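Trainee:
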């Protein structure tokens, strides 16, 4: 099982609230499905992520990896067990949201 940090929980809640305000329930469902797929991928191969999202190499941080799943970049720690530390829409300006 992979937990979400408080920051990741807040980001997830904000994305879902945004979609619901726009009456885009399907987008919320796809977000949650993408998060579950990301969790599975992380558990299968924690080291398999990228050091940073491709558009933002400056976000590389020792002890953290990134994967893209669907329309979302997911940041996670390399701790045991891993912890998801960020959930970002891929087209967002991620550095301003950290």
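Numbering (my numbering), first residue to last: 12 to 109. Cβ coordinates follow ideal geometry from the N, Cα and C atoms, glycine included. All of these numbers come straight from a predicted model, not from anything done at the bench.
#1: Look up residue 81 in the DSSP assignment and say whether it is helix, strand or coil.
#2: In whole angstroms, what separates the C-alpha of residue 20 from that of residue 80?
#3: Report yes if the C-beta distance between residue 106 and residue 54 is below 8 Å; otherwise report no.
#4: Taking C-alpha atoms, which residue in 36, 56 and 38 lies nearest to residue 92?
#5: Could you pull out every unbroken alpha helix (DSSP H) segment of at least 4 residues lying fully inside the stretch 36–65, listed in chain order?
Mentor: Quick look at the numbers:
#1: In the chain shown, counting from the first residue as 1, residue 81 sits at position 70. In this structure, residue 81 counts as coil in the three-state DSSP scheme.
#2: On the chain shown, position 9 is the one that residue 20 refers to. On the chain shown, position 69 is the one that residue 80 refers to. Answer to the nearest angstrom: the Cα atoms are 17 Å apart.
#3: Position 95 of the chain shown, counted from the first residue, corresponds to residue 106. Position 43 of the chain shown, counted from the first residue, corresponds to residue 54. No, they are not a contact pair.
#4: In the chain shown, the residue the question calls residue 92 occupies position 81. The residue with the shortest Cα to Cα distance from residue 92 is 56.
#5: 36–55
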